[in-house]
Amino acid sequence: MSTPESTAASTKTNVVHEGPSVSIPANEINFVQTGVKTAKGELEAGPAYGDFQNGRHGTFVRMPAGFKSRVHSHTEDYFAAVVEGIGSNHPAGGEAVPLPAGSYWFQRGEEAHVTECLSETDCLFFLVQPGKFDYVIEGPEEK
9 MSTPESTAAS TKTNVVHEGP SVSIPANEIN FVQTGVKTAK GELEAGPAYG DFQNGRHGTF
69 VRMPAGFKSR VHSHTEDYFA AVVEGIGSNH PAGGEAVPLP AGSYWFQRGE EAHVTECLSE
129 TDCLFFLVQP GKFDYVIEGP EEK
């Protein structure tokens, strides 16, 4: 009789891995300025694995409290989880749905949207994306 472990082992195919396993304590994440700014401040990116400027990656994004992006899109799809604060990610012109820590969203590439930090404290998101992170402005800041 086979077990799930033996079945998985016997059907293993050639899998491409992201790279070496990593464990990074929160206080050792190196955040860099992204150039994406509003009057509330600038987004900071803290790479966990991969290269967010050139390819596949997992990256922490710190967003200042009260930050609301311009209407924008990204070339690649991505998914994100809220680690700290209360965020929102919604279509341009759509209503902000509060996403507290532990929440998730998926954003289709090339789709205009707004991302914001609704909380009075900074937000921290973790993004996973199959290609480089870009920020394509699609319209003015929403009120």
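Basically the working numbering = 1-based index in the sequence shown + 8.
All C-beta atoms in this analysis are idealised placements derived from N, C-alpha and C, irrespective of residue type, glycine included.
Counting of Cβ neighbours within 10 angstroms places Thr123 among the buried residues, the total reaching 16 or more. Inclusion of Thr83 and Gly139 in the CB contact set at 9 Å is warranted, their separation being smaller than that value. Remark: C-beta atoms of Gly93 and Leu132 approach each other more closely than 9 Å. Its chain contains Glu50, Glu52 as the residues whose beta carbon lies nearer than 7 Å to that of Gln41, once the 5 sequence neighbours on both sides are disregarded; these appear in chain order.
For Ser81, the enclosing beta strand (DSSP E) has its first and last residue at 78-81.
In this structure Asn97 is not in contact with His65, their Cβ atoms being roughly 18 Å apart against a cut-off of 8 Å.
Taking the C-beta atoms as reference points, Val144 is found no nearer than 9 Å to Ser77.
A Cβ-Cβ separation of about 5 Å places Leu135 in contact with Tyr86 under the 8 Å criterion. Scanning Glu128, Ser29, Glu118, Asp59 for the CA closest to the CA of Ala100 turns up Glu118. Residue environment analysis places Val90 among the buried positions, since at least 16 neighbouring C-beta atoms fall within 10 angstroms of its C-beta.
Nearest C-alpha to Ser31 among Thr21, Ser111, Pro55, Lys45: Pro55. Measuring C-alpha to C-alpha distances from Ala73 to each of Lys45, Trp113, Thr67, Thr21 identifies Lys45 as the nearest.
For Asn97, the beta-bridge partners assigned by DSSP are Thr123. In this structure, the CA atom of Pro108 is about 20 Å from the CA atom of Lys48. Judged by beta-carbon spacing, Asp130 lies within the 9 Å limit of Arg70, meaning their Cβ atoms are closer than that value.
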